[in-house]
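Report on the following structure.
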Amino acid sequence: MLRFLRYIFIFCLLAFSTKLISQELEALKSELPVLKDKQKADLYLKIAVLYAEKYGQPDSVLHYSSKASTLSKQINYTTTAIKAQLYNSIGYEQKNDFERAISILNELLVDKDNSSIKGNIYYHLGQTYYRAGDNKMAIENLIESVESFRIIKNEDGLILAYCKLADALEHDLQHEEAKKYKNKALELLPKIKNPYPKLIALSIISSIYFDLRESDPRNLDTCIIFAQEAFHLMKEKGYFMKANRILNTISDSYYVKKDYKNALLYCIESLKYRKYLMPGEIIMSYMKYSDCSSALGQNENALIYLDSIKQTLPYINVQYYRLGYYERLYEYNKDAGNHIKAYEGVKHFMQLKDSLYNVEKSTAINELAQKYNKVENEKIIGELNQQKEIDKLQIRSLFSFAGIAILLLLSLSFFIANQLLKTN
Numbered sequence: 004m005l006r007f008l009r010y011i012f013i014f015c016l017l018a019f020s021t022k023l024i025s026q027e028l029e030a031l032k033s034e035l036p037v038l039k040d041k042q043k044a045d046l047y048l049k050i051a052v053l054y055a056e057k058y059g060q061p062d063s064v065l066h067y068s069s070k071a072s073t074l075s076k077q078i079n080y081t082t083t084a085i086k087a088q089l090y091n092s093i094g095y096e097q098k099n100d101f102e103r104a105i106s107i108l109n110e111l112l113v114d115k116d117n118s119s120i121k122g123n124i125y126y127h128l129g130q131t132y133y134r135a136g137d138n139k140m141a142i143e144n145l146i147e148s149v150e151s152f153r154i155i156k157n158e159d160g161l162i163l164a165y166c167k168l169a170d171a172l173e174h175d176l177q178h179e180e181a182k183k184y185k186n187k188a189l190e191l192l193p194k195i196k197n198p199y200p201k202l203i204a205l206s207i208i209s210s211i212y213f214d215l216r217e218s219d220p221r222n223l224d225t226c227i228i229f230a231q232e233a234f235h236l237m238k239e240k241g242y243f244m245k246a247n248r249i250l251n252t253i254s255d256s257y258y259v260k261k262d263y264k265n266a267l268l269y270c271i272e273s274l275k276y277r278k279y280l281m282p283g284e285i286i287m288s289y290m291k292y293s294d295c296s297s298a299l300g301q302n303e304n305a306l307i308y309l310d311s312i313k314q315t316l317p318y319i320n321v322q323y324y325r326l327g328y329y330e331r332l333y334e335y336n337k338d339a340g341n342h343i344k345a346y347e348g349v350k351h352f353m354q355l356k357d358s359l360y361n362v363e364k365s366t367a368i369n370e371l372a373q374k375y376n377k378v379e380n381e382k383i384i385g386e387l388n389q390q391k392e393i394d395k396l397q398i399r400s401l402f403s404f405a406g407i408a409i410l411l412l413l414s415l416s417f418f419i420a421n422q423l424l425k426t427n
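Numbering follows our numbering, with no gaps: position 360 of the sequence shown is 363.
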C-alpha cells in the first residue's frame, strides 16, 4: 500500500512540474514557424538558454543550441553562432560528458574573435573541470575568468566567477583564499539585479557556509539564510533546475543540526522539482530522503526510497552512487531486521569498495605529486619518505645480518675442518 501511494505521490509531482515547464517554452516554440534568419537563430538560442538555466533538460539544450549554431553559420551570424556553441558545451557538461564539453570550450578559446565571451568560456571550463574532479584546472580557468570579467567590468559574470572560485578553493582546502573570494562575492551581491547570476551566487555562498560549519557552527544558520533567499528567488523567477541544490543544502544543514523533521520536509520539497533533475541529483535526493526517514525511525519509508534509488542507478554509470546505495541497503535493512537483504547490501558494498580502492590506489602517487606544495600533503609525503628510509635501513640491516651470518658459518666451517685435520 505504501509503495502504491509513493508512486501516486511521484505522479502528482511530475504533473505539477510539467505544468510549470510547458507554458513559457510552448509559447516561444509556437513563434518559430513564422520567423527567419537572425530572429529564428536568436529564438533557438533563447530556448536553449531557458532549458540550460531553468529546466535542466540537457538533450533539449543540445537540440536547440545545435539548431541555433547551424542556422547562424549558414547566414554568417557570428555572435549567435559562438553563443550557441557555448551552450552546446553546457548541454554536454550537464549530461556529464565532460571531455566533449571541454573540447568545445577549448576550440572556442583558441578563436580570437571570441574575446567578447572569453570570461564565460573560462568560467564554464572551470565549472566543467570542477565537476570532472580536476580541481587544479578548475581553479586555473576560474582565475582567468575573474580577470576577463574584471577587464570588461561585467559584474554578473564576476560574481559567478568569484563564487565558483571560492567553492573550488574551499574544496581544495585553501581556506583563506576561498574566504577572500567569498567576501568579494558578498561585497558585489547587492549590486546584482539579474536573477540568474544572483540565484547562482546565493546558492554557492550558502554551500560555502555549509562547508565552513566546523570552524563555526553558526555558519549553518548563515547557510540556511542564504539558501532560503535563493529558494524564494528560484520560485519567483522559475529557475526550477536549481531547486535540488538549494533545497538539499537547507536539508543538509538541518540534518547536521539534528533537526531531522525539517531536514525531511526540505527533502520532500525538492522532489516537487524532480522533472528538472539530472539522474545523479535524483539519486542524491532519494538518499537524503532515506537518511532523514531512518533518522526519524521511519524504516519503511527509508527502504521505499532505497528502491527508488535502485530504479535510477541504471541511468548513470557512477560507482560512488552504487556504493552509497549498497551501504544504505545494508544499514537500513539491518535496522529493520531484514538480514538477508542486509547481507546482500554489505556483500556488494565490500566488492565495490575493493574495486574503487584498487582504481584509486593506482592514481595515489600522481595525486600526491600534484598537491606536493600543500602543507598537509608535504607532511604525508615526508612520513612516506621517512617510512621508505626506514624500509631501506631495515633491508640494509637484513643484508648486513645475512652477511655476518654467512661469515660466521664460514668461520665455523673452517674451524670444524681444522679440528678434524688435527684429530686425523
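The beta carbon of each residue, even a glycine, is placed where N, CA and C say it ideally should be. The model shown is predicted, which means the values in this text are computed figures rather than measured ones.
With DSSP collapsed to three states, give me the class of residue i.
i: Asp294; result: helix
i: Gly122; result: helix
i: Gln301; result: coil
i: Asp170; result: helix
i: Pro36; result: helix
i: Ile319; result: coil
i: Tyr263; result: helix
i: Asn369; result: With a pLDDT of 47 at Asn369, under the threshold of 50, the predicted position of this residue should be treated as unreliable, and no value is reported.
i: Leu215; result: coil
i: Leu189; result: helix
i: Lys49; result: helix
i: Lys245; result: helix
i: Asn341; result: coil
i: Met287; result: helix
i: Ile195; result: coil
i: Asn157; result: coil
i: Leu280; result: coil
i: Ile13; result: Confidence at Ile13 is low in this model, with a pLDDT of 42, below 50, so its placement is unreliable and the value that follows should be read with caution. DSSP places Ile13 in helix when its eight states are reduced to three.
Only counting the same chain, and skipping five residues up and downstream in sequence, which positions put a Cβ closer than 7 Å to that of residue i?
i: Asp170; result: Ile207, Ser210, Ile211
i: Leu46; result: Leu31, Glu34, Leu35, Leu38
i: Ser92; result: Ala104, Ile107, Leu108, His127
i: Ser72; result: Ala84, Ala87, Gln88, Asn91
i: Glu147; result: Tyr125
i: Asp175; result: Asn138, Ile142
i: Lys70; result: Tyr47
i: Gly160; result: Gly122, Asn123, Tyr126, Phe152
i: His351; result: Tyr329
i: Ala266; result: Ser254, Tyr257, Tyr258, Cys295
Can you find the residues in the same chain that come closer than 6 Å, C-beta to C-beta, to residue i, ignoring five residues on each side of it along the sequence?
i: Ala305; result: Ser293, Ser296, Ser297, Tyr335
i: Ile142; result: Ala171
i: Glu284; result: Asn247
i: Tyr54; result: Gln60, Ser63, Val64
i: Tyr289; result: Tyr308, Ser311, Ile312
i: Gln97; result: Pro61
i: Met140; result: Tyr132
i: Thr82; result: none
i: Lys240; result: Pro198
With respect to the alpha helix (DSSP H) encompassing residue i, which residues constitute its N-terminal and C-terminal limits?
i: Ala230; result: 222 to 240
i: Ile107; result: 101 to 113
i: Gly442; result: Any question about residue 442 goes unanswered here, given that the chain covers just 4 to 427.
i: Leu176; result: Segment: none, Leu176 is in no alpha helix (DSSP H) and carries neither H nor E.
i: Pro61; result: 61 to 77
i: Ile146; result: 138 to 154
Excluding the 5 residues preceding and the 5 following residue i in the sequence, name in chain order all residues of the same chain whose CB lies nearer than 8 Å to its CB.
i: Tyr80; result: Asp40, Lys41, Ala44, Leu74
i: Leu112; result: Lys121, Ile124, Tyr125, Leu128
i: Met237; result: Leu202, Phe243, Lys245, Ala246, Ile249
i: Thr366; result: Residue placement at Thr366 is flagged as unreliable, the pLDDT there being 47, under the threshold of 50; the coordinate-derived value follows with that caveat. Hits under 8 Å: none found.
i: Ile78; result: Asp40, Lys41, Ala44
i: Asn222; result: Tyr212, Phe213, Leu215, Arg216
i: Val52; result: Tyr90
For the ligand COA, I want to know if residue i counts as a neighbour, meaning its beta carbon is within less than 7 Å of at least one of the ligand's heavy atoms.
i: Leu191; result: This structure lacks the ligand COA; in fact it carries no ligand of any kind.
Counting Cβ pairs, one atom from each stretch, are 3 or more of them under 8 Å apart for the stretch 309 to 321 and the stretch 260 to 274?
Three or more beta-carbon pairs separated by less than 8 Å are not found between the stretch 309 to 321 and the stretch 260 to 274, which leaves the two stretches without contact.
Is the stretch 225 to 237 close to the stretch 246 to 260, with three or more CB pairs under 8 Å?
Taking a contact to require three or more Cβ pairs closer than 8 Å, the stretch 225 to 237 and the stretch 246 to 260 qualify as touching.
Is the number of C-beta pairs between the stretch 153 to 161 and the stretch 130 to 139 that are closer than 8 Å three or more?
A contact is defined here as three or more CB-CB pairs under 8 Å, and the stretch 153 to 161 fails this definition with respect to the stretch 130 to 139.
Evaluate the contact criterion for the stretch 59 to 69 versus the stretch 83 to 92: three or more CB pairs, one atom per stretch, below 8 Å.
Contact between the stretch 59 to 69 and the stretch 83 to 92 is established, with three or more Cβ pairs separated by less than 8 Å.
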